[in-house]
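Quick note, the sequences are listed as chains A and B, same order.
Under the numbering used here, the final residue of the first sequence carries the number 505; numbering is consecutive throughout.
Under the numbering used here, the final residue of the second sequence carries the number 1371; numbering is consecutive throughout.
Backbone N, C-alpha and C fix where the C-beta goes; we use that ideal spot for every residue, glycine too.
Predicted model only: the values in this text are computed from it and were never measured.
Notes for the one structure printed next.
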Amino acid sequence: MLASINSATLLGVSGHPVRVEVHVANGLPAFGVVGLPDTSCREARDRVRAALVSSGLSWPSRRITVNLAPTGVPKAGAVLDLAMAVGLLVACGELEPETVDGLAFLGELGLDGSIRPVAGALPLVDAVEVDAVVVAPENRLEASLVEARQVHAISDLRGLVRALRGDDEWPATPTRDEVDEPTEGPDLSDVRGQPIPRFALEVAATGGHHLLMIGPPGAGKSMLARRLPGLLPRLDGADALQVARIRSAAGQDLPPGGLVRRPPWRAPHHGASAAALVGGGSGTMRPGEMSLAHGGVLFLDELGEFSPKVLDTLRQPLEEGTVRVSRVAGSAEYPARVLMVAAMNPCPCGGSGAPGGCRCPESVRARYVRRVSGPLLDRFDLRVDVQRPDPGELLDGNPGEASASVAERVESARKRARERGVRVNADLSPSDLEDAAVLEPAAVRLLEAALHAGRLSARGLHRVRAVALTISDLMDGDGRLGPDLVDTALSLRIDPFSPVGPSVR
Amino acid sequence: MAALAGLPEMGPARLRVLLASLGAAAAWKAVSSGRLPPEVSEVIGPRVESVSTTWVEAAHRRPPGVVMDDLIEAGVVVAGRGAALYPPALTDDPEPPEVLFSIGRPVVQNHGPAVAIVGTRRCTRYGTEVAVELGRGLAEAGVVVVSGLASGIDAASHSGVLAVDGGSPPVAVVATGLDVVYPARNRSLWHRVAEAGQILSEAPLGVGPARWRFPARNRIIAALADVLVVVESHLEGGSMYTVAAALERDRPVMVVPGSIRSPASEGTNRLLADGAAPVCGLADVLCALDLVGSGSVDPDKDMTRRPSGCDPADLDVLEALGWEPTTLDGLATRTRLAPVQLGSAVGRLQRAGLVAEEHGFLQRCAGQEVP
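Structure, rendered in structure tokens:
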């Protein structure tokens, strides 16, 4: 009177195989679930009982014990419902043990016996240790992204029992064809004028350099940032699967083709908590905005309004490209390789930020800019001032350069980074830069002067070098950095927080 | 008297009435015993009882001997009205400070012509440069420059004065106690002024920046100078108090014109429209002091001279920049140069000292260093 069924549970964005063991024995009628189930998992008892009875199947009035192995891994959610129900049917002799061999079951049960979709079907299917899985029809697309698994999608328990007994055929699985995601993002040709911010976007997209835009409200900072994903290359197979996996784990819909080819775009509100940004939460851990933006763009509008504590939690993930969330119940790791773009006003009054042009007392301004810590500011390789475009440019009717042609340049410049063995130039370590970005003597003198003037930190020096290398790549240069490239990189790195007024000793 | 001024809730008006009705020694006795004469109670108004209690407590906590010791230790000189060290320019003032604290050399007792240079803390590069130029030029001409040691224009004019070897000494009038450096950013400038010239304050030791003390300080600046020069001011700037105080005292007010698009020049341009004399160069200020022709004065520098020693192509960028703060983006739109050409040109111009950057705004410099 024992059955053992394959299933899986979600940990972070990856699945973990689980064996659902069901034991039916004589004794007082009872139904217990052991093996670290969380509340919604423990409540499966009631769902499973109702679903079996509604489907016209018998409910054994005996002592039922369900064990979720391995018992040390916490199980969350209702994904194991279906496996428990099937295990019970096998343990009571309703189904032959052979019929469930080589099958895994992933699904939530309704009280009417219907099989409902679960979040994270993609990583779950990936995790099971058998070749075929049974999921709800809504999960078929996600499940079929794992090419090694055969997917059976079925909508209710009654149909599942008939298919397992061999009374009916499994419903046919339509072949998955790659559908291109239909909606393209907004185009860069909508942006008039603003040559420097446009150039900064191009450099950011090419080199993976984080970008900070500073300017008054209405200058078009968000408009510019919104166009950045369109400049990034489409995600390749592994990345597309990874992004789909994260979205699946977060319970979000996937595009019709299943794989996510367009780089994601996430713009969390400035009221976001640390857990919302980097992931985590008590109980069920979920990926945060940073992970949802993996492979794409994380846009932080009104950077100065974010809580400084929340912003500082971004620093470690930005450095490592992954988020590690540790809780008492366990820890999880989420991929979080993002291109961070942030926008902020020069001061709370919303003025242009021009010298002498702000109405805020210096103390108010200082308090505003202190919300962004120096170390975080240091993460932005590119910092540009964005002012309202020139009226002449707005009215002359000539559209700016389109995203597609910029994206082409970005793609060809990125090839050079790959030749250096990294994804983008921002990933180059200081020692890699020694080889890849050769400084001409004049450029060395220039950087030394900037260091002595206190305009650059040692870390900033490497970043300037990496940005100069990216600009060289964009211009089809040979990686030798002359003073012109270094000057340009420096001009794209303003210090927005120096005290007001020229410093007088 | 210094002990009286050091009491909490003691302002210039209360101090004046106390001293006028009783004299220093009797006033201290009255204050420390809580028996205030009626004319003093009248000035204080309805809160007289709580103020009096505060004074009694404070007077017992810090008797005059202790206050004096502290002042001597800090090297502060105290001058009551009528004392030998009291600035003569203030003796006949409508609102003279009853007591002035000072450190440094006694400049204000005996000096030639004096000019006050004031302006906004939130100044532009243009304002800074002009303040430095005027400070330097006036110091070279032997004119004492009085300012307020605030950041921005004040600091620039002081540093202009300090840049001259053997020129006239700088004078600063501050709103805080002489042991409280405000703003803290100006610490080294503060010490250099104290060393080369004199810092004055109406506030006793230990007094931090209080809002009402700044306009009060401004009236002393206006009173000490023969001419007031406003370099840059917003419409509602603190410099406007100095201007009002100068007009009350029949001191001529001169104003440096600025761009009509620069918020930092809104107040100054308004003053010009109201009839203030424009300062188009050092000579205008010297002329107002009747100093022109004395032979010790340099003629104005030629502002139209094209800066030498840089690439002609960079000069076109410099021309396009003009004299108003502009972002790199604005400059790119004007010059139609590619980012790399423009970035490198701006870098070269910055190193040549012809362009300065602040918060991403590029500003043209007159080609001389701000010390």
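Quiz item: If you draw a straight line from the C-alpha of PRO361 of chain A to the C-alpha of ARG367 of chain A, how long is it?
Solution: 10 Å
Self-check item: Identified DSSP bridge partners for LEU10 of chain A
Solution: A:GLY15
Practice problem: Specify the secondary structure class of ASP1302 of chain B as computed by DSSP and reduced to three states. | Solution: Confidence is the limiting factor: at ASP1302 of chain B the pLDDT is only 48, short of 50, which leaves the residue's position unreliable, though a coordinate-based value still follows. DSSP places ASP1302 of chain B in coil when its eight states are reduced to three.
Exercise. Find out if the Cβ-Cβ distance for the pair ARG49 of chain A, GLY113 of chain A is shorter than 8 Å.
Key: no
Practice problem: Rounded to whole angstroms, what's the CA-CA distance from GLY1258 of chain B to LEU376 of chain A? Just pull it up for me. | Solution: 38 Å
Quiz prompt | Cα-Cα separation, ALA3 of chain A to ILE154 of chain A | solution = 22 Å
Exercise. Would you list, in sequence order, the uninterrupted alpha helix (DSSP H) runs of no fewer than 4 residues that lie entirely inside the stretch 303-381 of chain A?
Key: 308-312, 315-320, 362-370 and 374-379
Quiz item: Does the beta carbon of ALA1244 of chain B come closer than 8 Å to any beta carbon on chain A?
Solution: no
Quiz item: What are the residues of the stretch 459-492 of chain A that lie near chain B, defined by any Cβ-Cβ distance shorter than 8 Å?
Solution: ILE471, MET475, PRO483, ASP484, LEU485, VAL486, ASP487, THR488, ALA489, LEU490, SER491 and LEU492
Quiz prompt | Nearest neighbour of GLY1006 of chain B, chosen from B:PRO1037, B:GLY1023, B:ARG1035 and B:ARG1061 [CA to CA] | solution = B:ARG1061
Practice problem: Can you pull the chain A residues whose beta carbon is under 8 Å from the beta carbon of PRO1325 of chain B, in chain order? | Solution: ALA354, PRO355, GLY356 and GLY357
Self-check item: 8 Å Cβ cutoff, GLY1347 of chain B in contact with chain A
Solution: yes
Exercise. Could you tell me which chain D residues have their CB closer than 7 Å to the CB of PRO195 of chain A, listed as they occur along the chain?
Key: Looking at the structure shown, chain D is missing, and the protein chains on hand are A and B.
Quiz prompt | CA-to-CA distance, ALA148 of chain A to ALA8 of chain A, given in whole angstroms | solution = 16 Å
Exercise. Express the C-alpha separation of PRO70 of chain A and ASN425 of chain A in angstroms, rounding to a whole number.
Key: 43 Å
Quiz item: When DSSP labels each residue in this structure, what does PRO1278 of chain B get in the three-state scheme?
Solution: strand
Quiz item: Using a C-beta cutoff of 8 Å, does SER1442 of chain B count as contacting chain A?
Solution: This structure does not reach residue 1442 of chain B, given that chain B is present from 1001 up to 1371, and the question cannot be answered.
Exercise. Check the Cβ of PHE1101 of chain B against every Cβ in chain A and list those closer than 7 Å, keeping chain order.
Key: The contacting residues do not exist; PHE1101 of chain B stays about 25 Å from chain A at best.
Quiz item: How close, in whole Å, do the beta carbons of ALA205 of chain A and LEU188 of chain A come, if the pair is a contact with beta carbons under 8 Å?
Solution: Incorrect: roughly 10 Å between the Cβ atoms, too far for contact.
Exercise. Starting from the Cα of ARG1121 of chain B, find the closest Cα among A:GLU169, A:CYS92, A:ARG234 and A:CYS358 and give me that residue.
Key: A:CYS358
Self-check item: Within 8 Å, strictly: CB atoms of VAL1078 of chain B and PHE1101 of chain B
Solution: yes
Quiz prompt | Chain-ordered neighbours of GLU393 of chain A on chain B, where CB pairs are closer than 9 Å | solution = THR1333
Quiz item: Distance, Cα to Cα, ARG245 of chain A vs LEU122 of chain A?
Solution: 6 Å
Self-check item: Coil, strand or helix - PHE299 of chain A by DSSP
Solution: strand
Quiz prompt | Identified DSSP bridge partners for LYS75 of chain A | solution = A:PRO37
Practice problem: Decide if TRP1212 of chain B is buried, meaning its Cβ has at least 16 other Cβ atoms within 10 Å, or exposed. | Solution: exposed
Quiz item: To which residues does DSSP link THR1326 of chain B through a beta bridge?
Solution: B:LEU1362
Quiz item: Quick one, which of A:PRO264, A:GLY230, A:LYS221 and A:ALA354 has its alpha-carbon nearest LEU241 of chain A's?
Solution: A:PRO264
Exercise. Take GLY230 of chain A as the anchor and find which of A:VAL297, A:ALA219 and A:PHE306 has the nearest alpha-carbon.
Key: A:VAL297
Exercise. For PHE199 of chain A, return the contacting residues in chain B, with the cut-off set at a CB-CB distance below 7 Å.
Key: PRO1339
Quiz item: From PRO17 of chain A to ASP126 of chain A, what does the alpha carbon distance come to, in whole angstroms?
Solution: 9 Å
Quiz item: Once you ignore the five residues that flank ASN1269 of chain B on each side, which residues in its own chain have a CB closer than 7 Å to its CB?
Solution: PRO1257, GLY1258 and ILE1260
Exercise. Excluding the 5 residues preceding and the 5 following ARG1187 of chain B in the sequence, name in chain order all residues of the same chain whose CB lies nearer than 6 Å to its CB.
Key: VAL1181
Exercise. Leaving out five residues on either side along the sequence, give the residues of the same chain with a beta carbon under 7 Å from the beta carbon of ALA1027 of chain B.
Key: LEU1004, LEU1018 and LEU1019
Exercise. Measure the alpha-carbon distance for PRO1012 of chain B versus GLU1095 of chain B and round it to whole angstroms.
Key: 9 Å
Quiz item: What number of angstroms, rounded off, separates the C-alpha of PRO1299 of chain B from the C-alpha of ALA1283 of chain B?
Solution: Bear in mind that the predicted position of PRO1299 of chain B carries a pLDDT of just 48, short of 50, making it unreliable; the figure below should be weighed with that in mind. Approximately 7 Å, taken between the alpha carbons.
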